[in-house]
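In the UniProt record's numbering, the protein residues as written are 1 to 642. Glycine residues also receive a C-beta, built at the ideal position from the N, C-alpha and C atoms.
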């Protein structure tokens with residue numbers, strides 16, 4: 001009845017991810033829905049993610065005590081999650097009731113995580129008893145466990161909007177992404193089919209004249225390995241003493257997985273080339289094996305459509321989708337461009353030097369300094385002097401270099417020590433002068449002043465002889481950041497790029513969480529490969545997945561993993577890495593572009609003011625003004641004189 005009364009009042013049904021997240025702590029609710037219990041479960045999710053990230057054979061060999069630590073953590077987390085699941089089933093019912101447990105999507109996710117936790121704990125018991133070898137493919141059952149991090153993150157997915165509106169937005173956004181994905185798959189399939197028809201098998205290599213097909217091995221190839229053509233009128237011809245031979249006896253594990261002999265291999269090769277990673281080598285193979293015009297036409301058009309056109313279409317779709325979501329979820333991000341508040345406004349003031357906008361708060365101060373000091377502080381000459389000193393300090397720092405001529409490092413930097421003392425003394429005086437003029441409370445409420453104070457403290461500690469050339473040197477280098485204040489246009493542009501920090505910071509946190517989860521999953525999928533260093537521990541897996549994200553030699557990581565797995569799992573390994581590469585390069589990186597474009601976009605209020613100003617100017621043009629008033633049209637619009 002209470003829910004029915006609320007719906008009659010017209011209150012919006014909030015989108016709440018996880019039914020337990022919307023419950024408040026009170027005396028009449030079950031223990032499983034208490035606030036401290038929910039927080040304990042989130043902590044267990046983080047502990048479980050950390051535990052599974054440490055659960056590899058190589059990690060246990062280097063640190064044997066971690067085997068027992070991870071087992072204890074997993075056991076406790078498994079018991080707590082199991083108790084929570086049983087309690088919720090008892091309260092809500094399994095399949096019947098007002099809100100059955102197994103009919104809720106998030107509860108289904110929680111139950112699956114409990115299942116994988118039990119499988120992981122059981123497997124670790126068998127490994128500790130020696131029943132299962134430590135390098136076993138059964139470790140892949142731990143691969144879904146890192147997804148438990150979603151339980152910790154979903155608490156932040158709460159929106160003050162009706163669920164119907166959110167479902168409508170997600171439906172439209174997913175439809176756009178679905179359309180552009182079909183667009184991408186169409187060109188992938190098209191060029192995959194064209195590759196089969198244009199090239200076919202590319203297995204002709206230069207070998208010695210004495211080489212027989214029966215005795216053909218990888219050592220029979222020329223150094224460096226060269227593709228060739230059996231047609232004397234086209235392609236590359238082998239040099240004297242060598243002949244062109246088709247290598248049908250060597251498998252893809254020896255010759256590589258790229259080619260155009262069938263549609264699956266062709267699409268796999270097309271995707272690698274479309275990522276612009278090593279595509280020129282594939283093109284050279286086709287040029288050496290067949291007429292050159294085929295490869296030139298095929299690869300030039302493929303790079304245009306797949307690498308440029310489709311990627312930019314993805315960026316455009318993600319940007320448009322993000323803009324629509326941003327308008328709907330403006331309450332989630334907060335008001336963009338919130339620089340001023342009710343106590344801070346700007347007025348136009350003028351003097352002999354010209355007109356300028358002055359924040360009223362700049363004229364308010366809580367310091368004990370006389371008005372002369374405030375005049376000096378607000379003068380452009382003082383600001384120019386400080387920026388000149390900071391620039392000089394940056395130039396001096398840039399001249400530092402070390403020659404390996406036998407002298408000790410401390411002896412080489414002795415002459416710079418006294419220069420650094422001079423710069424530090426001057427900039428410390430500047431900080432104390434600002435505090436003296438503005439007062440501590442007025443000084444500390446500005447972010448730039450906090451940064452300047454941090455630099456002053458760090459560089460002051462740096463000039464202490466015992467701390468010189470230590471980690472405090474970074475504070476000396478960070479002084480260069482202050483040069484952004486030298487140009488108001490650059491300062492405003494930097495603020496627009498980074499925005500209030502919530503959006504870009506949230507996206508960076510999302511990317512890092514994605515890297516952590518994908519690294520832990522990949523580590524559990526491939527840690528059973530003995531003597532394979534790319535995924536034998538979490539730091540190695542993290543660097544490998546980050547390498548794929550940056551698209552730098554990501555094909556090498558994929559090919560090496562495919563070579564070390566069995567032939568039945570090779571296609572699955574290729575699909576796994578391609579899907580990850582596709583997501584991080586076309587979705588995640590496009591989100592960064594969308595956020596930056598959104599930060600550069602004008603606020604809605606400023607847009608309305610500009611439209612109103614344009615309408616007023618259009619109306620004034622229709623009227624004939626006296627000559628004495630037309631003179632004011634020559635003045636600039638910012639600031640506009642009235």
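Evaluate contact between the stretch 288-308 and the stretch 217-224, counting only Cβ atoms and requiring at least three cross-stretch pairs below 8 angstroms. No, they do not touch.
Is it right to say residue 231 is buried, meaning 16 or more other beta carbons lie within 10 angstroms of its own, or is it exposed? Looking at its Cβ environment, which holds fewer than 16 other Cβ atoms inside 10 Å, residue 231 is exposed.
Does residue 581 come out as helix, strand or coil in the three-state DSSP assignment? For residue 581, the secondary structure class from DSSP, reduced to helix, strand or coil, is helix.
Under 8 angstroms Cβ to Cβ from residue 387, same chain only, skipping five residues before and after it: list those, please. Contacts found: 482, 483, 485 and 486.
Exposed or buried, what is residue 245 when buried is set at 16 or more other beta-carbons lying within 10 Å of its beta-carbon? Within a 10 Å sphere around the beta-carbon of residue 245 sit 16 or more other beta-carbons, which makes this residue buried.
Are the CB atoms of residue 524 and residue 45 nearer to each other than 8 angstroms? For residue 524 and residue 45, no; Cβs fall outside 8 angstroms.
Distance, residue 89 Cα to residue 99 Cα: Taking the straight line joining both Cα atoms gives about 10 angstroms.
Bridge partner(s) assigned by DSSP for residue 207: 221 and 243, per the DSSP bridge assignment.
Status (buried if at least 16 other CB within 10 Å, exposed otherwise) for residue 151: Under this definition residue 151 is a buried residue.
Going by DSSP, which residues form a beta bridge with residue 314? Assignment of beta-bridge partners to residue 314 by DSSP yields no partner.
Rounding to the nearest angstrom, what Cα-Cα distance links residue 53 and residue 535 in this structure? Note on geometry: alpha-carbon atoms of residue 53 and residue 535 lie some 11 angstroms from one another.
Give a yes or no on whether the C-beta atoms belonging to residue 518 and residue 545 are separated by under 8 angstroms. For the 8 angstroms CB-CB criterion, residue 518 and residue 545 form a contact.
Since residue 227 sits in a beta bridge, which residues does DSSP pair it with? DSSP lists 205 as partners of residue 227.
Report the residue from 418, 491, 381 and 384 whose alpha carbon sits nearest the alpha carbon of residue 396. That would be 418, whose Cα lies nearest to the Cα of residue 396.
Excluding five sequence neighbours on each side, which residues of the same chain lie with their C-beta closer than 7 angstroms to the C-beta of residue 456? Cβ neighbours of residue 456 beyond the five flanking positions: 427, 428 and 431.
Residues near residue 276 in its chain [Cβ-Cβ closer than 8 angstroms; skip 5 each side]: Closer than 8 angstroms at Cβ, skipping near neighbours: 303, 307 and 551.
I think residue 79 touches residue 148, with their Cβ atoms under 8 angstroms apart; what is that distance to the nearest whole Å? Here residue 79 is actually not in contact with residue 148; their C-beta atoms are around 15 angstroms apart, not less than 8 angstroms.
Report yes or no: do the stretch 236-245 and the stretch 204-218 share at least 3 C-beta pairs separated by less than 8 angstroms? A contact exists between the stretch 236-245 and the stretch 204-218.
Where residue 188 falls, given that 16 or more other Cβ within 10 Å makes a residue buried: The residue is buried, with at least 16 neighbouring Cβ atoms inside 10 Å.
Are the Cβ atoms of residue 314 and residue 590 separated by less than 8 angstroms? Yes, the pair counts as a contact, with Cβ atoms nearer than the cut-off.
Report the option in 433, 461 and 475 whose CA atom is closest to the CA atom of residue 394. When C-alpha distances from residue 394 are compared across 433, 461 and 475, the shortest belongs to 475.
From residue 577 to residue 585, what distance separates their C-alpha atoms? Going by the C-alpha atoms only, they are around 12 angstroms apart.
So which of 538, 557, 594 and 140 has the shortest CA-CA distance to residue 62? The shortest Cα separation from residue 62 among 538, 557, 594 and 140 belongs to 538.
Since I believe residue 180 is in contact with residue 263 (beta carbons under 8 angstroms), could you give me their beta-carbon distance rounded to a whole number of angstroms? Contact between residue 263 and residue 180 does not hold, since their C-beta atoms are separated by about 23 angstroms, which reaches or exceeds 8 angstroms.
For residue 146 versus residue 521, is the C-beta spacing smaller than 8 angstroms? Yes, Cβ-Cβ distance for residue 146 and residue 521 is below 8 angstroms.
6 angstroms CB neighbourhood of residue 272 in its chain, flanking five on each side removed: Non-local C-beta neighbours of residue 272 in its own chain, meaning closer than 6 angstroms and more than five positions away in sequence, comprise 555, ordered along the chain.
Using 8 angstroms as the threshold, is the C-beta distance between residue 192 and residue 91 below it? No, they are not a contact pair.
Using beta-carbon positions only, say whether residue 256 and residue 265 come within less than 8 angstroms of one another. Not closer than 8 angstroms, so no.
Whole alpha helix (DSSP H) elements within the stretch 508-596, 4-residue minimum: DSSP runs (the alpha helix (DSSP H)) wholly in the stretch 508-596: 538-549, 554-564 and 570-583.
Quick one: what's got a C-beta closer than 6 angstroms to residue 338's C-beta in the same chain, skipping five residues either side? Per-residue confidence for residue 338 stands at a pLDDT of 41, beneath the threshold of 50, marking its modelled position as unreliable; no derived number is given.
Distance check for residue 512 and residue 542, CA to CA, integer angstroms please. In a straight line, the C-alpha of residue 542 is about 10 angstroms away from that of residue 512.
What are the boundary residues of the alpha helix (DSSP H) that residue 57 is part of? Counting along the chain, the alpha helix (DSSP H) containing residue 57 begins and ends at 57-62.
Distance, Cα to Cα, residue 559 vs residue 274? Just so you know, the alpha carbons of residue 559 and residue 274 end up roughly 16 angstroms apart.
Taking only three categories from DSSP, how would you classify residue 137? Of the three classes helix, strand and coil, the one that applies to residue 137 here is helix, per DSSP.
Can you tell me the Cα-Cα spacing of residue 82 and residue 36, whole angstroms? Their Cα atoms are separated by approximately 17 angstroms.
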